[in-house]
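Okay, so the sequence shown: first residue is 1191 according to my numbering, each after it adds one. Virtual Cβ for every residue (Gly too), placed ideally from N, Cα, C. Just so it is clear, the structure is predicted and the values come from calculations on it, not from any experiment.
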Amino acid sequence: MTGGSGVQFYLSMEPQCGATYAQQLRVAQAAEELGFGGVFRSDHFLDHRPGSTAGTVTTDVWVTLAGLARETRRIRLGSLLTCAAYRPPTVLAAMVAQVDDMSAGRVELGLGAGWFAAEHEALGIPLRAARERFAVLEEQLQIVRRLWRERPDRRPMPPLVVGGRGTRRTPLIAARYADEHNIARPSVQDARTAVEAARRACRTVGRDPASLRHSVLLRLHCTGGSGAGERGAGERGAAGTVAGDPSQVVERLAAYAALGVTRVYHQVVDFGDLRHLELLAREVLPAVLAMKGGESR
């Protein structure tokens, strides 16, 4: 695959900051109306932002996505990322397959090894050593794929997304099992390193590197002169944050696309700021959809 594939623009909701289902639904329906390609959400029960004092959150990723499946019609839906340790693979496979059926085939399953120690403790789940967590992730992918293949309805499997910051185990697992390799809040250089690692991993396992999609999760702060995008401006210098006026945001996103990234997720943490989504849809989305991903090597 050469650079002929376009770039998709999705949202990824982070409701552990205290967002209710109604607020998440409002964002998802706005995203559908505004032309975004999909809405994913995190799998967290605690707010992991520095200094947060928020308690346990009451919304679950797959219960939420089941509701959104029935209250949207076009957008793709998925997790970014479901923690492999939080649900048995047999249960997870059934949950995702049901939500996929409820959405008429619009669901994708993103899986990660997990990392948040306080959340594991709150859920009564031990945070294992990194090697063990990756082993659980790989086993989960194997079992879920097998169960989906054995379904009597023979429907296509939901696409699989594997993500994380690692440059060894994560790319290798993505190359073996996934349709998409996701990198969370990378700089352009970090994204370059991760994409190159995933391409090497594909060659190692005998897979065409062009068959694995690369995506980035970023937090966008786009300023439009009306106050939209001004919230959270203090994070503009943080890693994985893209800030500026629409032309500057587009320029930065083009740098990721040039590496071969063909899906961008905007991380939504402020569920009351729909004006920012409207600004992104009006001033950034058309330019992103017109971008071409860089060539696979």
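{"Check": "Three-pair Cβ contact test at 8 Å for the region 1281-1297 versus the region 1310-1325", "Outcome": "no"}
{"Check": "Helix, strand or coil at Phe1306 [DSSP, three-state]", "Outcome": "coil"}
{"Check": "C-alpha gap between Val1217 and Thr1254, whole angstroms", "Outcome": "12 Å"}
{"Check": "Per-residue burial, Ala1294 [other beta carbons within 10 Å of its own, 16 or more giving buried]", "Outcome": "exposed"}
{"Check": "3 or more residues per run - each beta strand (DSSP E) lying fully within the region 1289-1364", "Outcome": "1297-1302, 1350-1353"}
{"Check": "For Ser1269, the three-state DSSP class (helix, strand or coil)", "Outcome": "strand"}
{"Check": "Option in Gln1330, Pro1349, Ala1307 with minimal Cα separation from Asp1290", "Outcome": "Pro1349"}
{"Check": "For Arg1409, the residue or residues it bridges with in DSSP", "Outcome": "Thr1431"}
{"Check": "For Val1229 and Val1478, the rounded distance between their alpha carbons", "Outcome": "16 Å"}
{"Check": "Extent of the continuous alpha helix (DSSP H) to which Gln1213 belongs", "Outcome": "1211-1224"}
{"Check": "Secondary structure of His1466, DSSP reduced to three states", "Outcome": "helix"}
{"Check": "Three-state secondary structure (DSSP) of Ala1374", "Outcome": "strand"}
{"Check": "Closest Cα partner of Gly1227 within the set Gly1268, Gly1208, Gln1214", "Outcome": "Gly1268"}
{"Check": "Tyr1276 to Met1203 span [Cα, whole Å]", "Outcome": "19 Å"}
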